[in-house]
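Undergrad: To start, I am sharing the structure in question, which I have written as structure tokens.
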């Protein structure tokens, strides 16, 4: 399990904060929590008023890199965006795994 968290954090270095062009990990905008076997990535946008589409885009990138629950914090639309990210992860979890040959 610890290996998954380390890999997740390594993958998150690939996620760039769109307004600065710097990794969200390097900026300290994410934290990872593991409770009851479930990993949650908390993302704090660089500004409370960053464009919502940029916040959603970063949330989707985090989801793609870690395949874990994503929650936005300290943002004026966090409740609405968190609902949408929750729907997205639920829908993705219902899709069959794809393997390449």
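Residue numbers (the UniProt record's numbering): 1 to 101. Even for Gly, the Cβ is constructed at its ideal location relative to N, Cα and C.
1) By Cβ distance below 6 Å, which residues in the same chain neighbour residue 19 in space, the five residues on each side in sequence not counted?
2) Nearest-angstrom Cα distance between residue 67 and residue 6?
3) Report, in whole angstroms, the separation of the C-beta atoms of residue 42 and residue 73, which I expect to be a contact under 8 Å.
4) Residue 22 and residue 12 look like a contact to me (Cβ under 8 Å); what is the Cβ gap, rounded to whole Å?
5) Could you tell me which residues DSSP puts in a beta bridge with residue 60?
6) Helix, strand or coil: how does DSSP classify residue 16 here?
TA: From the atom records:
1) 46
2) 13 Å
3) 5 Å
4) The Cβ separation is near 12 Å, so there is no contact.
5) The partner list for residue 60 (beta bridge, DSSP) is empty, contrary to what the question assumes.
6) strand
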